[in-house]
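Those protein sequences? They're chains L and W, same order as listed. According to my numbering, the first sequence holds residues 1 to 360 in order. According to my numbering, the second sequence holds residues 1 to 466 in order. A virtual CB, placed ideally from N, CA and C, is assigned to each residue, including glycine.
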Amino acid sequence: MLGVIRNKTIRPSFSAFRFFSSSAKQMTVRDALNSALDEEMSADSKVFLMGEEVGEYQGAYKITKGLLEKYGPERVLDTPITEAGFTGIGVGAAYYGLKPVVEFMTFNFSMQAIDHIINSAAKSNYMSAGQISVPIVFRGPNGAAAGVGAQHSHCYASWYGSCPGLKVLAPYSAEDARGLLKAAIRDPDPVVFLENELLYGESFPVSAEVLDSSFCLPIGKAKIEREGKDVTITAFSKMVGFALKAAEILEKEGISAEVINLRSIRPLDRPTINASVRKTNRLVTVEEGFPQHGVGAEICTSVIEESFGYLDAPVERIAGADVPMPYAANLERLAVPHVEDIVRAAKRACHRSVPLAAAA
Amino acid sequence: MATLLFRNSRAFLLLHNHQHLQNKLPFLLGIRSPSPPCSNSHFLPSFLLSSLRYESTKAQPQLEDLQHHHHQVIDFPGGKVGFTSEMRFISDTSHIRVPCYRVLDDDGELVKPTNQVQVSKELAVRMHSEMVTLQTMDSIFYELQRQGRISFYLTTSGEEAVNIASAAALSSHDVILPQYREPGVLLWRGFTLQQFAHQCFGNTNDFGKGRQMPIHYGSNKHNYFTVSSPIATQLPQAVGAAYSLKMDGKSACAVTFCGDGSTSEGDFHAAMNFAAVMEAPVVFICRNNGWAISTPVEEQFRSDGIVVKGQAYGIWSIRVDGNDALAVYSAVHTAREIAIKEQRPVLIEALTYRVGHHSTSDDSTKYRSTGEIEYWKMERNPVNRFKRWVERNGWWSEKDELELRSSVRKQLMHAIQVAEKAQKPPLEDMFTDVYDKLSSNLEEQERDLRKTIEKHPKDYPSDVPF
Ligand SMILES: Cc1ncc(C[n+]2csc(CCOP(=O)(O)OP(=O)(O)O)c2C)c(N)n1
């Protein structure tokens, strides 16, 4: 491959590849998102960005860095502080053929605008019998960050995940971020794209394929990050990293964990989850959001409905604590899942048998 | 002269004292013709005397005027509207921007004539002292964050006058629903430097029990609703609070603050409309400080600021120099009277400037010039301006200033030491404040937790009472 590049006989679609000398290139999630936006904007003039401080300031978390300069103020719009306003404007623009990417400073502030997301964006295609499509992306950091209290730390995965008409994606790695954001922008339907502030600066290895501008991931397909045979661990966003760390620890103790990166909260990849559970017979779900009516609850139901007979232990559910996020650093730490929690739950699942659980 | 206004079956007496003005500027100001002299002035409640100070520059023309100028009127629900044969669009803004009310000029000299509310020596000295205290608290707490001792901070620099002078003009019974850049109101009401420090450290003495980020102050005792992070939610909530005061027949109003950026949220518009329709005794104080994080006002709205929005919603409004403590005091004092006595909302736009960065997470030199910041910090400094006035009156000296600053500094250093050393909220606080009596599952959780801690005492933090 390298030789091909040096000889400049690369196919046009591989142009991005030129800048990378090896396939073990590292990329931060921030750069992955930024490059995905850049490439989709350059590929499709209908794509435009909108949100508070996305232009001059380059985004509260610098995800839109350099894009105003490159695409100009007509395609990178700084908005007044009116989430309901710019979300509604985005939805209207999508009705009439544009492809807006709307940034929320955090998904907490999408609460000001949720009517447009749920009642308009999600339902219009259905209600118009397919006459109206709404190709829009709502993106921004979601869930717990660090030290910002209850009103900046809420995970909305299960909120948006419960709404028909929406697609809900939650990337973990740089590969996810690039592939899923590109998929979201290209998709004809509204996509809620849940990022994580603490992942923005994290680097991941990316292959040449991932760096190619044509790269895209399928929506609704989970990724098996690590194969295993004793217990299935499902996770999304930041928790995938935790699940992988837990799997390493478990391996040392002789437990082989299979880690599923959900990538897509809606549609949920039930086949992949169920196939895995039918193999491992045990399930641990992990998420940072609240337990009640959470993503884990939905996964658990799916497995009970479709693979009940395969379960050798009760499903273990790891989630954030059932309290508004405390500000105190020590309590905040205790309110979100940790690697050890996952390890412990996986062990419980492996060492418990059905009869024991039934007796308990 | 009094005009009898009937609003929702309640009669309100309104006194007008602008005949002299009217003679000079009838068409400029659009003021209605004088009403017949009031014959029963001995029945007038005392507040009417104070209303002599305020005037509406926009009074609704009376029906006779309408019929005089226009051949026909349409009897439209909500009031008669005159016809005109001239097609004319109302332009986006008037040629002249709404003037800004001020009492002190940049040098702290009284501008004459002014219909200002008088401020006594005692009050003036206290206002100056509290502004200095606020300024000092900001600079020391900001440093504290830079040293990593608290996680977050946000200063009020440049907006000391809006903070302190508005607080000074209110009664402690008035309910405050703040945004986040108004700790001076709480300071004025007696929240101590120690209490500010406790909140920023989130220790056991913090009224919020360490559950919120620094600067999210709140105190029931001081009628100061806890700061909430999502922008502008305080505005409709203030209207609700005002409605409750109205229902209870209280002689108090709700006062809510917001920045220029917040006026873009739908909540601002809902609040204004509801306040007018519900005739709620609420005073909106908008600190137009030029910036909303990195967004300048020109990108926030294209109207002549915020003051003009009041009229569209049917609300009395005034634009005031937010760096002139006397002007802010006068405007807020009078607005409060209007709100309570007439049971109606008032909007105040205070023109000021956010001299500091948005917060400790921001570096504002990335998006605005240091020259602009310096100009507002030095030339238009509200504290210096007010100081010149009190000094000129012989009420304050350089010696007083030095003494005050050093004493406040000392108090702050002490407060920080105490707050930093104080214990964290106790373990039981994790379970309280939601249920009157703990539910059985919470009791069980608490028992389990205590057992676990007893088993692993080494893992338990020493500064959290067990
Ligand atoms: C609903 C919502 N959207 C966005 C934010 C992020 N945010 C925090 S402060 C701020 C700027 C507010 O500016 P302004 O109202 O002018 O007040 P100032 O900071 O200038 O005092 C923004 C956008 C928020 N807290 N809540």
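query: Could you give the C-beta distance for residue 175 of chain L and residue 204 of chain L, rounded to a whole number, given that I count them as a contact under 8 angstroms?; result: 7 angstroms
query: For the beta strand (DSSP E) containing residue 266 of chain L, list its first residue and its last residue.; result: 264 to 266
query: Buried or exposed for residue 97 of chain W, going by 16 or more other Cβ atoms inside 10 Å?; result: exposed
query: CA-CA distance, residue 288 of chain L and residue 340 of chain L?; result: 14 angstroms
query: Assuming residue 263 of chain L and residue 170 of chain L are in contact, meaning their beta carbons sit under 8 angstroms apart, how far apart are those beta carbons, in whole angstroms?; result: 7 angstroms
query: Measure the Cβ-Cβ separation of residue 132 of chain W and residue 405 of chain W and say whether it is below 8 angstroms.; result: yes
query: Quick check: what's the CA-CA separation for residue 83 of chain L versus residue 181 of chain L?; result: 21 angstroms
query: Does the count of Cβ pairs from the region 404 to 423 of chain W and the region 344 to 356 of chain W closer than 8 angstroms reach three?; result: no
query: In terms of residues, what are the limits of the beta strand (DSSP E) holding residue 378 of chain W?; result: Counting along the chain, residue 378 of chain W falls outside any beta strand (DSSP E), though it belongs to the alpha helix (DSSP H) covering 370 to 378.
query: Spatial neighbours of residue 59 of chain L within its chain, please: CB distance less than 8 angstroms, with the 5 preceding and 5 following residues excluded, ordered by chain position.; result: 51, 53, 65, 103
query: Over the uninterrupted alpha helix (DSSP H) stretch that includes residue 298 of chain L, give me the two end residues.; result: 295 to 307
query: If the cut is a Cβ gap below 7 angstroms, which residues of chain W does residue 152 of chain L touch?; result: 229
query: For residue 169 of chain L, which three-state DSSP category applies?; result: strand
query: Is there a Cβ of chain W sitting closer than 8 angstroms to that of residue 292 of chain L, yes or no?; result: no
query: Leaving out the 5 sequence neighbours to the left and right, which residues in its chain are closer than 7 angstroms to residue 227 of chain W when beta-carbon positions are compared?; result: 178, 180, 215, 216, 217, 218
query: Measuring only between beta-carbons, confirm whether residue 56 of chain L sits less than 8 angstroms from chain W.; result: yes
query: Is it right to say residue 213 of chain L is buried, meaning 16 or more other beta carbons lie within 10 angstroms of its own, or is it exposed?; result: buried
query: Go to residue 27 of chain L, then tell me how far its beta strand (DSSP E) extends in each direction, as first and last residue.; result: 25 to 28
query: Answer with buried or exposed for residue 329 of chain W, where buried requires no fewer than 16 other C-beta atoms within 10 angstroms of its C-beta.; result: buried
query: Within 8 angstroms, do at least three Cβ pairs link the region 301 to 309 of chain W to the region 244 to 257 of chain W?; result: no
query: Give me, in chain order, the residues of the same chain whose beta-carbon lies closer than 7 angstroms to that of residue 170 of chain W; leave out the 5 immediate sequence neighbours on both sides.; result: 255, 332, 336
query: DSSP three-state label for residue 20 of chain L, please.; result: The predicted model places residue 20 of chain L with a pLDDT of 47, which falls under 50 and marks its position as unreliable, so this point remains unresolved.
query: Which residue or residues does DSSP assign as beta-bridge partners of residue 259 of chain W?; result: W:287
query: If we count the other Cβ atoms within 10 Å of its Cβ and call it buried at 16 or more, is residue 212 of chain W buried or exposed?; result: buried
query: Determine the chain W residues that contact residue 96 of chain L at a beta-carbon separation under 9 angstroms, and present them in chain order.; result: Going along chain W, no residue has its Cβ under 9 angstroms from residue 96 of chain L, so there is no contact; the nearest lies around 23 angstroms.
query: Quick one: is the Cβ of residue 272 of chain W within less than 7 angstroms of any heavy atom of ligand 3?; result: As for ligand 3, it is missing from this structure, which binds only ligand 1.
query: Note down the Cα distance separating residue 343 of chain L from residue 246 of chain L, rounded to an integer number of angstroms.; result: 5 angstroms
query: From which residue to which residue does the alpha helix (DSSP H) around residue 273 of chain W run?; result: 266 to 277
query: Among all the DSSP beta bridges, which residues are the ones paired with residue 138 of chain L?; result: L:102, L:192
query: Kindly indicate which residue of W:91, W:102, W:202 has the alpha-carbon position closest to the one of residue 330 of chain L.; result: W:202
query: Any heavy atom of ligand 1 closer than 7 angstroms to the CB of residue 105 of chain L?; result: yes
query: Between the C-alpha atoms of residue 27 of chain W and residue 159 of chain W, what's the straight-line distance to the nearest angstrom?; result: At residue 27 of chain W the pLDDT is 33, less than 50, meaning the model places this residue with poor confidence; the figure from the coordinates comes in the next sentence. Computed Cα separation, rounded: 36 angstroms.
query: So what does DSSP say about residue 149 of chain W, is it helix, strand or coil?; result: coil
query: Is there at least one non-hydrogen atom of ligand 1 closer than 7 angstroms to the beta-carbon of residue 63 of chain L?; result: no
query: According to a CB-to-CB cut-off of less than 8 angstroms, which residues of the region 278 to 305 of chain W neighbour chain L?; result: 292, 293, 294, 295, 299, 300, 301
query: Under the three-state reduction of DSSP, which class applies to residue 243 of chain L: helix, strand or coil?; result: helix
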